[in-house]
Amino acid sequence: MKQTLLTLSLFLFFSFAWANYEKSLIETLTTIESLVVSEPEQALRAIEQLKKSKVQLTTKQRVKLIRHEVVANTYLNHHKVALNIIEEVKEIAHLASDKSFLWHYYNTKAIVYWHMDSIEESLDFNLKAYGVVKSITEFSQYQAISEGNVGYAFIKLGFFQQAVTYLESALAIVLTHDNVVMLASTYNNLGEAYLGIKNYQKSFELLEKSLAIRLEHQLTFHTSFSYQNLGLFYYQQEQYQPAEIAFNKAIEIRAQAGFVKGLLVSQLALVKVYIASNKYVLAQQVITAVIVTAKKQKNNTSLSNAFDLQRQIYADSQDYQSAYQASLLYQQTLEQVVSRKTSIKLASYLNTSEAISKDLNILELEKNAEIKALQVNSERQKTKIMLISGFCMVILLTIFLWTVQKSKKVIAKTNANLSLTLTQLQQTQEKLIKSGKMSALTTLVSRMAHQVNTPLGIAVTGVSHIHEKVTCFETLIAGGKVKKSEIDLFMTDLNKGCELSSNAMAKVAGLISQFKMISENLEAETQQEFEIFEHVSKHTDLVLILLKQDKPIINISGSKVRILGYPEALNKIFSQLIANSIDHAFADTLSPEINIEIAKVKDQLEITYQDNGKGIDSAMVNDVFEPFYTTTMGNKNLGIGLSIVYNLVVQLMQGNIQCIPQKGKGIMFCITLPLKVKSA
Numbered sequence: 001m002k003q004t005l006l007t008l009s010l011f012l013f014f015s016f017a018w019a020n021y022e023k024s025l026i027e028t029l030t031t032i033e034s035l036v037v038s039e040p041e042q043a044l045r046a047i048e049q050l051k052k053s054k055v056q057l058t059t060k061q062r063v064k065l066i067r068h069e070v071v072a073n074t075y076l077n078h079h080k081v082a083l084n085i086i087e088e089v090k091e092i093a094h095l096a097s098d099k100s101f102l103w104h105y106y107n108t109k110a111i112v113y114w115h116m117d118s119i120e121e122s123l124d125f126n127l128k129a130y131g132v133v134k135s136i137t138e139f140s141q142y143q144a145i146s147e148g149n150v151g152y153a154f155i156k157l158g159f160f161q162q163a164v165t166y167l168e169s170a171l172a173i174v175l176t177h178d179n180v181v182m183l184a185s186t187y188n189n190l191g192e193a194y195l196g197i198k199n200y201q202k203s204f205e206l207l208e209k210s211l212a213i214r215l216e217h218q219l220t221f222h223t224s225f226s227y228q229n230l231g232l233f234y235y236q237q238e239q240y241q242p243a244e245i246a247f248n249k250a251i252e253i254r255a256q257a258g259f260v261k262g263l264l265v266s267q268l269a270l271v272k273v274y275i276a277s278n279k280y281v282l283a284q285q286v287i288t289a290v291i292v293t294a295k296k297q298k299n300n301t302s303l304s305n306a307f308d309l310q311r312q313i314y315a316d317s318q319d320y321q322s323a324y325q326a327s328l329l330y331q332q333t334l335e336q337v338v339s340r341k342t343s344i345k346l347a348s349y350l351n352t353s354e355a356i357s358k359d360l361n362i363l364e365l366e367k368n369a370e371i372k373a374l375q376v377n378s379e380r381q382k383t384k385i386m387l388i389s390g391f392c393m394v395i396l397l398t399i400f401l402w403t404v405q406k407s408k409k410v411i412a413k414t415n416a417n418l419s420l421t422l423t424q425l426q427q428t429q430e431k432l433i434k435s436g437k438m439s440a441l442t443t444l445v446s447r448m449a450h451q452v453n454t455p456l457g458i459a460v461t462g463v464s465h466i467h468e469k470v471t472c473f474e475t476l477i478a479g480g481k482v483k484k485s486e487i488d489l490f491m492t493d494l495n496k497g498c499e500l501s502s503n504a505m506a507k508v509a510g511l512i513s514q515f516k517m518i519s520e521n522l523e524a525e526t527q528q529e530f531e532i533f534e535h536v537s538k539h540t541d542l543v544l545i546l547l548k549q550d551k552p553i554i555n556i557s558g559s560k561v562r563i564l565g566y567p568e569a570l571n572k573i574f575s576q577l578i579a580n581s582i583d584h585a586f587a588d589t590l591s592p593e594i595n596i597e598i599a600k601v602k603d604q605l606e607i608t609y610q611d612n613g614k615g616i617d618s619a620m621v622n623d624v625f626e627p628f629y630t631t632t633m634g635n636k637n638l639g640i641g642l643s644i645v646y647n648l649v650v651q652l653m654q655g656n657i658q659c660i661p662q663k664g665k666g667i668m669f670c671i672t673l674p675l676k677v678k679s680a
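Numbering (my numbering), first residue to last: 1 to 680.
Here you go:
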């Protein structure tokens with residue numbers, strides 16, 4: 001009896017101790033989670049202290065702790081450290097059979113790339129996370145999170161209709177769970193998506209729902225996101241007073257929570273409201289604070305946006321010197337942002353290419369040194385010969401002649417060595433040229449693959465969605481329990497998947513079609529003699545008809561000159577230049593006009609093309625002919641139009657083309673062509 005009581009007492013004691021231990025551990029993890037956003041440095045110290053205590057954690061707790069450590073480093077802009085740490089979760093996922101670990105790996109990695117402003121990389125990992133948990137009932141909540149993240153990524157990329165598709169699907173799942181945090185977030189993101197497609201009534205209803213839920217359940221930090229989007233809504237409606245109130249509420253909450261990245265976004269939005277309502281003093285005060293914080297946080301994206309807005313404030317105040325300085329700072333920070341977003345694979349290749357180039361430069365320097373050494377040796381030999389010859393002239397003429405003959409052999413050998421060295425140097429130069437060509441080709445292929453990758457991923461997702469729904473429907477049919485509502489739902493899902501896949505594949509087809517233009521425009525051109533003034537006059541009128549434009553006015557002047565060349569290639573050149581002016585130059589031009597001047601200078605033809613549009617920054621002139629360079633990426637433009645023009649002028653028509661920015665308004669292209677183009 002005593003032994004039984006003792007055993008029972010020990011059992012109760014250890015149970016109580018273990019329960020307290022578990023409670024303490026859970027409280028510690030909860031504290032760390034709350035510190036990640038507000039005090040990331042303190043969160044990292046708490047994580048390190050927990051590791052040193054060597055407390056036994058379950059696998060799920062380990063994954064959760066690693067996730068907190070990654071996110072805290074991300075908030076501190078330690079992105080490389082965060083990406084290294086998250087790989088521990090990948091190792092755990094490979095050893096365990098629980099798919100949720102793999103989902104946590106992809107989801108957390110997407111968060112890191114999101115804060116690095118690599119939205120496309122973030123979208124890619126969110127799609128991978130979605131692929132892990134889709135169609136698995138027990139992971140429906142994870143599925144909803146991934147669909148919401150994919151939808152939000154589409155919002156930031158400007159694909160609002162695709163975002164609505166994913167977010168509506170996520171909302172259907174969230175409504176079946178009792179999770180007010182996810183419900184409010186989904187309403188908020190869906191409201192932002194509808195705001196993007198300008199469905200203002202639907203957007204406002206969803207944003208109000210989100211805010212109401214968050215206020216009711218005292219989700220204070222999350223209300224900042226609702227206030228932020230409501231501010232954007234009011235701003236687009238030109239209701240600047242309520243927009244100012246909403247943004248100030250978001251700023252207050254985010255400042256108290258220590259959410260610096262979000263605070264900068266809200267402050268920049270508030271500056272736009274102040275500028276729109278002519279409150280320049282307040283705008284300057286806020287923008288100064290943003291610049292200080294962004295520099296401290298090394299947030300180049302917010303910093304570049306701040307300098308751009310500061311430039312606008314100075315320009316509106318007619319302080320053009322300060323506006324120019326702000327513009328320079330904007331360009332510098334923007335270059336740093338673009339550099340950070342560069343593809344890892346491309347950066348790796350460029351590093352390799354630079355290493356090869358350095359090796360070739362070293363080899364060339366070594367060869368030059370050898371040549372100089374040979375030259376020095378040759379001079380020394382000549383001096384020696386002259387001294388010996390002078391001495392031998394005093395002694396014997398026979399010895400002198402023998403010495404001269406010997407020196408000739410030495411010189412011949414030296415010259416042979418020089419010739420061999422020069423040959424090796426020429427071979428080295430050829431290798432360097434080939435390396436440059438391969439570098440350009442690889443860069444071109446990498447950029448084409450980058451353009452095609454995202455729509456292909458979306459298409460695969462759409463097809464997978466269709467396959468999933470078809471499988472579910474087959475199951476229902478086999479069970480003989482098909483209802484009309486289920487058929488309607490099935491058809492709706494099927495249409496959504498088809499629309500998503502069709503749009504993505506159409507975009508891929510369009511991209512491939514435009515890529516083909518790079519080479520097709522150099523093929524199948526017929527050479528013939530024609531009068532260029534009349535030819536250009538007829539073609540420019542036809543271009544405006546084909547583009548369905550009644551503007552701009554096109555003025556053609558100059559001499560009537562006959563040339564032997566490629567008229568179809570010339571048509572493509574002017575079609576592209578006119579289309580570029582319409583797409584990029586005349587957005588704010590009241591009376592758009594294009595002037596084309598044709599002149600014969602000696603044995604060459606000079607064509608000057610000039611519009612009166614908004615012009616181009618002189619810093620961008622050297623890049624306009626590069627493939628995939630465009631100032632409006634994300635619209636229909638890929639940036640290959642002027643590259644095609646350059647190839648037609650230089651490669652096919654054996655001429656030259658220059659882009660010359662104007663001090664006033666507009667841009668000028670100067671094209672020089674031979675009167676007789678040699679056939680290829």
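Just so it is clear, CB atoms sit at the ideal spot from N, CA and C, and this is done for glycine as well.
Straight-line gap, residue i to residue j (C-alpha atoms, nearest Å)
| i | j | result |
| --- | --- | --- |
| Leu675 | Met386 | 59 Å |
| Leu303 | Glu88 | 33 Å |
| Val133 | Ser140 | 7 Å |
| Lys261 | Phe586 | 36 Å |
| Gln426 | Asn417 | 14 Å |
| Asn503 | Leu422 | 58 Å |
| Leu195 | Gly479 | 42 Å |
| Ala294 | Asp550 | 47 Å |
| Lys90 | Asp98 | 12 Å |
| Met285 | Asn580 | What sits at residue 285 in the sequence shown is Gln, not Met. When rounded, the distance between both Cα atoms is 39 Å. |
| Trp114 | Ser122 | 5 Å |
| Ser537 | Glu531 | 11 Å |
| Lys678 | Ile667 | 30 Å |
| Asp617 | Ile155 | 29 Å |
| Tyr187 | Leu171 | 8 Å |
| Lys409 | Thr403 | 10 Å |
| Asn682 | Lys202 | Limits of the chain in this structure are 1 at one end and 680 at the other, which puts residue 682 out of reach. |
| Ile251 | Gln267 | 7 Å |
| Lys80 | Trp103 | 20 Å |
| Asp36 | Asn229 | In the sequence as presented, Asp is not what sits at residue 36; that position holds Val. About 24 Å. |
| Ile545 | Glu529 | 26 Å |
| Ile197 | Lys496 | 17 Å |
According to DSSP, residues forming a beta bridge with residue i
| i | result |
| --- | --- |
| Cys670 | Thr608 and Gln658 |
| Asn595 | Asn555 and Gln610 |
| Leu564 | Glu529 and Lys676 |
| Val601 | Gln604 |
Classification of residue i by the beta-carbon crowding that lies within 10 angstroms, buried from 16 upward
| i | result |
| --- | --- |
| Val63 | buried |
| Ala440 | The pLDDT assigned to Ala440 is 47, lower than 50, so where the model puts this residue is not dependable; a value taken from the coordinates is nonetheless given after this. Classification of Ala440: exposed, given that the 10 Å Cβ count is below 16. |
| Leu673 | buried |
| Arg254 | buried |
| Val112 | buried |
| Gly158 | exposed |
| Glu69 | buried |
| Ile660 | exposed |
| Met393 | exposed |
| Ile671 | buried |
| Asp319 | exposed |
| Leu577 | buried |
| His584 | buried |
| Val649 | buried |
| Tyr200 | exposed |
| Arg562 | exposed |
| Ile313 | buried |
Check: Between the segment 218-225 and the segment 234-245, are three or more C-beta pairs nearer than 8 Å?
Finding: no
Margin query: What ranges does the alpha helix (DSSP H) occupy inside the segment 269-330, keeping only unbroken runs of at least 4 residues that lie completely in it?
Written below: 280-297 and 300-316
Notebook entry, point to check: Are the segment 190-210 and the segment 242-256 touching by the rule of at least three beta carbon pairs closer than 8 Å?
Noted result: No, because fewer than three Cβ pairs between the segment 190-210 and the segment 242-256 fall closer than 8 Å, the two stretches do not touch.
Item checked: Ranges of the beta strand (DSSP E) found wholly within the segment 126-188, counting only runs of at least 3 -> none
Checklist line | Stretch-stretch touch, CB-based, cutoff 8 Å, three pairs: the segment 608-616 with the segment 323-330 | finding: no
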